[in-house]
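A quick write-up on the structure given underneath.
Chains as they are written, first to last, in the working numbering: chain F, 254 to 642; chain S, 28 to 191.
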């Protein structure tokens, strides 16, 4: 007799470990009968998880924190025993903005500090000429995409609330919105950046791994109460995910993985696009230039699946910086407690040693001082552009 | 907001113009995430309160999400009225899906009837049976085989095609 679970997901490449855990039978082998429900909005995923229509969900990392702190919505404590992905986002700009940035840049715009300063110059010029501010698309108020865009542009002197417009767009609408000029750029996860490049309407400016070497992206989230009431089911779920992540990271399995994910009821894009994402071999311009970064999306490698509370502290610090949350020691502690490496370790064992080559502070930001999860005041003090109350 | 799309501008503009007490949104609409941002940043929507603020009435909330609809309460609507509106909305959604289900069933019943009529005709001709006898034979076979009459009728038609 197997345990039946309903799990919600958004069709994105960082749902890979979950989708493969189900479609390759890793869940079934753990005695779990999973019904996957494909959703269209993060609000839906959050609400259905919160009120118990889902047992677990593919969650964008800041939503798990917002839900646990009761920001923007009701307070339902969420815990995350498994990281579905580290990195995986990219910033894509229109050909016109790409050309403007290149013209304004002092150096190669491949460098995020150079590109952010170039953006500041483009913004200043548009202001002087009374032109509309540039519009950037992102996926949700409490999203990594929102914080990644803000962190990058603010480092170059662009105020994300005053100098440009940031608008929420559902990921499947990003490409169309760039094409018809409703946005000038966007930050979103795979495969949408590649889709824009393939259509010849966008240039990938940066992988988020160039802005933050290590950025938690999606989590497997469950209600804290559910986790307490179903410890055995949860452990088996984590085990199945861990096996799936290992399977995905074996390059010999990548074609099979890409084919499974390409199904219309899963991610629903060409297998080749998914393969590029998993391999970190990305076409970045319509002209056919490729950029390689093995860190583009980490599914299970380099400890990516083990939730790291440092990431929770960094995300909470962004919420404080941009005026979404008050600064408090209690809230910081609650945010960190969403990430549950202990549950991960209990299910699959603690990693023997730290992973070589990972950033010492757990984040590796391209600008600012090293991040200290116990002293987010120092992180916040480092910036002049902020919205703290 | 000249640079946002017509539908999106429309959404925001309509909310401002109508100044509604409550916004109901179909959960299949991906634009729901945009509404969430609107409630966060907009000063024009005075006191945005999501439906789920009132955590005591979880059954009602669950019923609404189950039915495929969510509500945002924007004005100073009283709690009792919110519940009435939401309950009404849920019952209308459920009534709609019930009608849809009935329509689907009626369509398939009509389809079944056509198949059974054809099979009866074949049996009457080949076995020299009356219409009642042909139907009785179909029904008896269906009962013995534990299948639907329409399925047996389909088999008869298929077999007749092969013997042509």
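Note that beta-carbon positions come from the ideal geometry of N, C-alpha and C, so glycine has one too.
The straight-line gap separating the alpha-carbon atoms of residue 602 (chain F) and residue 303 (chain F) is approximately 29 Å. The C-beta of residue 543 (chain F) comes no closer than 8 Å to any C-beta of chain S. Residue 554 (chain F) sits in a helix when the DSSP states are folded into three classes.
As DSSP reads the structure, residue 476 (chain F) sits in a beta bridge with F:331. Spatial neighbours of residue 506 (chain F) in its own chain (CB-CB distance under 7 Å, excluding positions within 5 residues in sequence) are listed in chain order as 500.
Between residue 345 (chain F) and the set F:390, F:509, F:561 and F:332, the nearest pair of CA atoms involves F:390. Straight-line measurement puts the Cα of residue 142 (chain S) at about 11 Å from the Cα of residue 185 (chain S). From the beta-carbon of residue 393 (chain F), the residues of chain S found nearer than 8 Å are 60, 63 and 64.
Annotation: residue 162 (chain S) is outside any beta strand (DSSP E); the continuous alpha helix (DSSP H) that includes it extends over 158-172. Under DSSP, residue 440 (chain F) shares a beta bridge with F:344. Against chain F, the CB of residue 172 (chain S) has no partner CB under 8 Å away; the residue lies outside that interface.
Put simply, of F:412, F:444, F:411 and F:435 the residue whose alpha carbon is nearest the alpha carbon of residue 424 (chain F) is F:444.
Under a criterion of Cβ atoms nearer than 9 Å, the residues of chain F adjacent to residue 54 (chain S) are, in order, 292, 293, 294, 296, 297, 300 and 301. The stretch 290-298 of chain F makes no contact with the stretch 556-564 of chain F: fewer than 3 CB pairs, one atom from each, lie closer than 8 Å.
Pairing residue 470 (chain F) with residue 170 (chain S), the inter-Cα distance amounts to about 57 Å. For residue 460 (chain F) and residue 549 (chain F), the gap between their C-alpha atoms comes out near 7 Å. Its Cα nearest to that of residue 457 (chain F), the residue F:437 stands out among F:473, F:437, F:472 and F:468.
An exposed status is given to residue 127 (chain S), since fewer than 16 other beta-carbon atoms sit within 10 Å of its beta-carbon. A distance below 6 Å between beta-carbons, with the five flanking residues on each side excluded, links residue 410 (chain F) to the following residues of its chain, in chain order: 373. Exposed is the label assigned to residue 363 (chain F), since fewer than 16 other Cβ atoms lie within 10 Å of its Cβ.
The continuous stretches of alpha helix (DSSP H) do not include residue 608 (chain F), and DSSP gives it neither H nor E. Taken in chain order, no unbroken stretch of beta strand (DSSP E) lies wholly in the stretch 489-522 of chain F with a span of 3 residues or more. In the three-state reduction of the DSSP assignment, residue 618 (chain F) falls in the strand class, which pools E and B. Not one beta carbon of chain S lies nearer than 8 Å to the beta carbon of residue 441 (chain F). Annotation for residue 546 (chain F): 460, 462, 463, 533 and 535 place their beta carbon closer than 8 Å to its own, counting only its chain and skipping 5 residues before and after. Residue 615 (chain F) places its beta carbon 8 Å or farther from that of residue 635 (chain F). With respect to the 8 Å criterion, residue 403 (chain F) and residue 394 (chain F) are not classified as neighbours on the basis of their beta carbons.
DSSP, read as helix, strand or coil, puts residue 483 (chain F) in coil. Straight-line measurement puts the Cα of residue 422 (chain F) at about 9 Å from the Cα of residue 430 (chain F). At least one C-beta of chain S is nearer than 8 Å to the C-beta of residue 423 (chain F). Collapsing the DSSP output to three states places residue 191 (chain S) in coil. Shown here, residue 260 (chain F) sits in a strand according to DSSP, grouped into three states. With a cut-off of 8 Å on Cβ pairs, the stretch 483-492 of chain F is not in contact with the stretch 573-586 of chain F, counting fewer than three such pairs. Fewer than three pairs of CB atoms, one per stretch, sit closer than 8 Å, so the stretch 278-285 of chain F makes no contact with the stretch 370-388 of chain F.
Classified as exposed, residue 543 (chain F) has fewer than 16 neighbouring CB atoms from the shown chains inside 10 Å of its CB.
The C-beta separation of residue 452 (chain F) from residue 432 (chain F) comes to about 7 Å, placing the pair in contact by the 8 Å criterion.
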